[in-house]
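Position one of the sequence shown corresponds to residue 300 (the numbering used here), numbered consecutively onward.
A short worksheet on the structure shown next.
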Amino acid sequence: MPFKYAGIEQAIVNAVRDSAEGKDVAVAFSGGLDSGLISFIAKRYANSVHLYTCGTDNSYDVVMAKDLSDELGLPWTHVQISKRNTEPLIREMISATGTTDPFTISYELQLFCVCREAREGTVITGQGADEYFMGCAKFVDQTDNDYNMQRDAAVKRLIKVSVPCERSIAKHFGKTLLYPYMTDDVISEIGKIDQNELRPKDMDSRKSVLRDIAANLGQPRIAARKKKSSQYGSGTTDIIRILCREKGMFYNEYIASLCDEVLSGNPKNRGSVINARVDSIVKVEAENILRQLNLSPSEAVEMFYRRIIEDGDIRSVGPGKRIAEK
Numbered sequence: 300m301p302f303k304y305a306g307i308e309q310a311i312v313n314a315v316r317d318s319a320e321g322k323d324v325a326v327a328f329s330g331g332l333d334s335g336l337i338s339f340i341a342k343r344y345a346n347s348v349h350l351y352t353c354g355t356d357n358s359y360d361v362v363m364a365k366d367l368s369d370e371l372g373l374p375w376t377h378v379q380i381s382k383r384n385t386e387p388l389i390r391e392m393i394s395a396t397g398t399t400d401p402f403t404i405s406y407e408l409q410l411f412c413v414c415r416e417a418r419e420g421t422v423i424t425g426q427g428a429d430e431y432f433m434g435c436a437k438f439v440d441q442t443d444n445d446y447n448m449q450r451d452a453a454v455k456r457l458i459k460v461s462v463p464c465e466r467s468i469a470k471h472f473g474k475t476l477l478y479p480y481m482t483d484d485v486i487s488e489i490g491k492i493d494q495n496e497l498r499p500k501d502m503d504s505r506k507s508v509l510r511d512i513a514a515n516l517g518q519p520r521i522a523a524r525k526k527k528s529s530q531y532g533s534g535t536t537d538i539i540r541i542l543c544r545e546k547g548m549f550y551n552e553y554i555a556s557l558c559d560e561v562l563s564g565n566p567k568n569r570g571s572v573i574n575a576r577v578d579s580i581v582k583v584e585a586e587n588i589l590r591q592l593n594l595s596p597s598e599a600v601e602m603f604y605r606r607i608i609e610d611g612d613i614r615s616v617g618p619g620k621r622i623a624e625k
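Below is the structure:
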């Protein structure tokens with residue numbers, strides 16, 4: 300009987316082959332399903348495959364990655380992050396990418412460190428598997444409307460926020476970054492199956508289609524791999540929280556102080572921090588414009604607040620203006 304997901308499986312194999320064939324490649328390797336499957340396939344075609352895992356000593360990702368690298372018989376490097384080097388790395392990442400979003404920094408710092416360490420010019424990543432094969436915990440136990448909204452928002456953030464940041468990282472280090480799970484052929488094949496087969500019924504059924512593909516390729520142990528989000532599995536978030544406590548700051552306040560210092564040369568603690576939730580796509584697109592104007596987000600918000608003070612009203616500077624004019 301033909302394998303149910305043969306089309307997607309072949310598209311993934313082709314994508315990895317095209318990424319790795321005849322090359323010396325690095326894999327951003329967490330020890331989970333996504334990067335494990337890529338590494339297994341890449342081993343067939345690449346001239347050499349070297350696995351790199353960013354994390355603290357004995358973090359979940361480091362332990363899992365060492366175990367799976369031994370099983371795959373591939374060379375592995377632990378890219379260590381610690382309390383000592385995390386802040387300098389964040390500063391370097393902010394400077395290289397212009398990224399100011401605390402959440403983005405927390406989960407992209409691992410790729411930044413891998414690209415910084417890798418000797419190979421080509422780095423392959425499992426990015427996109429969570430969004431297209433439904434691996435995020437937020438997809439579980441949702442109403443139909445909320446599920447569709449979360450799925451679409453996740454893909455939009457991937458394309459508009461994550462990938463541009465990662466491209467900036469790769470450019471900074473002179474690397475070529477490749478995404479086998481995000482090729483047109485893979486996404487096209489995903490679109491051919493019943494989307495309810497992708498939708499997880501519980502936490503254990505996330506990415507079930509991708510797990511079936513790994514098992515069909517003779518890798519049941521890769522299919523069974525558990526994974527934490529990179530910022531937690533690597534220990535990055537724990538380190539940043541420790542640094543925040545030592546400085547008496549909240550998480551967002553700490554990242555904002557580093558962004559101000561790196562991007563605009565303003566000293567730390569130059570003013571009060573405003574905690575506000577803004578759509579991540581709006582934030583990224585607005586900050587791209589601010590960079591062109593040589594303004595930091597903090598400077599832009601302060602200008603907005605000063606305008607409110609001068610006018611004594613918000614309707615002249617915000618959405619209310621449109622309401623008042625109608």
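Each residue gets a CB set at the ideal place from its N, CA and C atoms; glycine is no exception.
Being a predicted model, the structure only gives us computed values, none of them experimental.
Judged by their CB atoms, Ile389 and Leu557 are nearer to each other than the 8 Å cut-off. The Cβ atoms of Thr535 and Ser405 sit closer than 8 Å to each other. In the displayed model, Leu594 falls within coil according to three-state DSSP, outside both helix and strand.
Using a 10 angstroms sphere on the CB of Thr399, the tally of other CB atoms reaches 16 or more, which defines it as buried. Using a C-beta cut-off of 8 Å, the region 434 to 453 makes no contact with the region 344 to 359, since fewer than three inter-stretch Cβ pairs fall below that distance. Bridge pairing for Ser347: Asp323 [DSSP]. Distance from the Cα of Ala522 is smallest, within the candidate group Leu457, Ile337, Gln409, Asn587, for Ile337.
For Ile423, the secondary structure class from DSSP, reduced to helix, strand or coil, is strand. Look at Leu371 here: in three-state DSSP terms it is helix.
In the three-state DSSP reduction, Gln518 falls in the coil class, being neither helix nor strand. Between the region 466 to 480 and the region 423 to 436, the count of Cβ pairs shorter than 8 Å is three or higher; the stretches touch. Across the structure, Asn313 and Glu584 are spaced so that their CA atoms are roughly 34 Å apart. Distances from the alpha-carbon of Thr376 to those of Asn384, Ala319, Ala364, Met392 put Ala364 closest. In the DSSP assignment, Thr385 falls within the unbroken alpha helix (DSSP H) covering 382 to 396. In the DSSP assignment, Leu410 falls within the unbroken alpha helix (DSSP H) covering 401 to 416. Note that the C-beta distance between Ala327 and Leu410 is below 8 Å. If you ignore the 5 residues before and after Val561, its C-beta comes within less than 7 Å of the C-beta of Arg390, Ile393, Ser394, all in its own chain and listed in chain order. Ranked by Cα distance from Ile340, the options Glu407, Ser504, Val362, Asp317 are led by Asp317. Linking Ile492 to Gly331 through their CA atoms gives a straight-line distance of about 24 Å. Cβ contact annotation for Thr482 (same chain, cutoff 6 Å, sequence separation greater than five): Ala314, in chain order.
Secondary structure at Val581: helix, using DSSP grouped into helix, strand and coil. Going by C-alpha positions, Arg510 is about 35 Å away from Val577. Classified as exposed, Ser487 has fewer than 16 neighbouring CB atoms from the shown chains inside 10 Å of its CB. Per DSSP, Thr475 is one residue of the beta strand (DSSP E) stretching across 475 to 477. The beta carbon of Gly335 lies closer than 7 Å to those of Leu367, Ile521, Arg524 in the same chain, with the five residues before and after it left out. A residue is called buried when at least 16 other Cβ atoms come within 10 angstroms of its Cβ; Met433 meets this threshold and is buried. If you draw a straight line from the Cα of Glu586 to the Cα of Gln518, it is about 43 Å long.
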